[in-house]
Amino acid sequence: MIHLIWRSGAAIVMMAGMVLAAGWTPPPAEAAEPPPPPCHMYRGDVSLKALQAQENRMKKRLNGSDASSGDPCELAHVYYKLARLVPAQQDRFLSECIVQTQAALAQNTRAGTAYFLQGLCLGRQGEVLGIWKSLTIIKSFRRNMEMAVKISPGLDRGGPHRALGRLYFKLPGLLGGDVKKSIHHLRKAVGYGPDYWENHFFLAESYYEDDQYLKAKSELEKTLEICKNLKNDPDVKASRVDFQKLRKSIDQKIH
234 MIHLIWRSGA AIVMMAGMVL AAGWTPPPAE AAEPPPPPCH MYRGDVSLKA LQAQENRMKK
294 RLNGSDASSG DPCELAHVYY KLARLVPAQQ DRFLSECIVQ TQAALAQNTR AGTAYFLQGL
354 CLGRQGEVLG IWKSLTIIKS FRRNMEMAVK ISPGLDRGGP HRALGRLYFK LPGLLGGDVK
414 KSIHHLRKAV GYGPDYWENH FFLAESYYED DQYLKAKSEL EKTLEICKNL KNDPDVKASR
474 VDFQKLRKSI DQKIH
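Residue numbering for the sequence shown follows our numbering, starting at 234 and increasing by one per position.
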């Protein structure tokens, strides 16, 4: 009896399996998520002519039929560089920079580069207005850089940490300035960009402000060593006087 029941059950199972096999189709494979939209820093020629040409190319691409191939982050970075080169049009370029980073973040809220670039352009606006006229900008700058630190801390050789380190160094204590926080972020920046002179120089200034003169001297020496190979860098040339001033101040404290 049990044998018959088992055989009957087995037959039913086999028939059910045949029916399912005949009418069953596997579910479609899940489509892979599309890659995030491009969001990169500009890495090309930084002459005025080259930047203007790149601006035109990127605008045509973003406004064309295949806008998805354009990169609003790259265009934002171009605008940031143009703002530094053309002071008379600085306000317009910085505003355009922010518009492009907002467009990038609308496409991808995890675009660390967009947060970083938006922070840079906000910071530049704040420098123009002055600290006391840009309190709202300072908050936005900090918020953007903190997001960049969470998502892409190593971007631009520790750029998000470097920016926060300078913010805490420059702000008055009443507005949140804190040299200890400055040192923390700049040490992080050095970790991501050990061969970048600004990381070492800014850390040297913060160490000096914190009365850590021997550490300040060490970081300044690293700065000068790196800059030996950057004689034609315009930013290095513009900072030579600052290097000398800091070295003189350190020597006076040590000796």
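Virtual Cβ for every residue (Gly too), placed ideally from N, Cα, C. Note that the structure is predicted; figures quoted are calculated from it, not measured.
Q. Nearest CA to the CA of W390: which residue from K461, C354, A422?
A. Residue 390 is actually Arg in this sequence, not Trp. Answer by Cα proximity: A422.
Q) Within 8 Å: the Cβ of V332 and any heavy atom of the ligand GTP? A) What this structure holds is no ligand at all, so the ligand GTP is not there to describe.
(Q) If I measure Cβ to Cβ from L281 and keep anything under 8 Å in the same chain, skipping five residues before and after, which residues do I get? (A) L315, L318, V319
Q | Coarse secondary structure for P320, derived from DSSP in three states | A | helix
Q) Can you give the Cα-Cα distance for G406 and L400, rounded to whole angstroms? A) 11 Å
Q: Could you check the C-alpha separation between E458 and H433 for me, to the nearest Å?
A: 10 Å
(Q) For the alpha helix (DSSP H) containing Q351, name the first residue and the last one. (A) 345-362
Q.
Using the three-state DSSP reduction, which class does C272 fall into: helix, strand or coil?
A. coil
Q: Sort S373, W430, T346 by Cα distance to R357 and report the nearest one.
A: S373
**Q.** Length of the line joining the Cα atoms of G345 and P269
**A.** 12 Å
Q: Under 8 Å by Cβ, that's how I've got T334 and C306 pegged, so tell me the actual separation to the nearest angstrom.
A: 7 Å
Q | Straight-line Cα distance separating C272 from A337 | A | 7 Å
Q. Can the beta-carbon of S472 be found closer than 9 Å to that of S439?
A. no
Q) Assuming Y275 and H310 make a contact with CB atoms under 8 Å, what is their CB distance in whole Å? A) 4 Å
Q. What are the boundary residues of the alpha helix (DSSP H) that includes K293?
A. 281-296
Q: May I ask which residues mark the beginning and end of the alpha helix (DSSP H) holding Y425?
A: 412-425
Q. When we look at the beta-carbon of R375 and count the other beta-carbons within 10 Å, is it buried (16 or more) or exposed?
A. buried
Q) Roughly how many angstroms lie between the CA atoms of A321 and D468, to the nearest whole one? A) 20 Å
Q) When the Cα of D428 is compared with those of G363, L453, H417, L408, which residue comes out closest? A) L453
Q.
Could you check whether F435 and R480 sit closer than 9 Å to each other, using their CB atoms as the reference points?
A. no
**Q.** N- and C-terminal bounds of the alpha helix (DSSP H) containing Q477
**A.** 467-487
Q: Mind checking which residues open and close the alpha helix (DSSP H) that includes Y429?
A: Note, Y429: premise wrong, no alpha helix (DSSP H); not H, not E.
**Q.** Beta-carbon separation (whole angstroms), I371 vs G352, contact threshold 8 Å
**A.** Not confirmed; about 11 Å, so no contact.
Q: State buried or exposed for L327, treating a residue as buried only when at least 16 other CB atoms are found within 10 Å of its CB.
A: buried
Q | Buried versus exposed call for W430 [16 or more other C-beta atoms within 10 Å across all chains shown] | A | buried
Q. What are the boundary residues of the alpha helix (DSSP H) that T342 is part of?
A. Careful: T342 lies outside any alpha helix (DSSP H) and carries neither H nor E.
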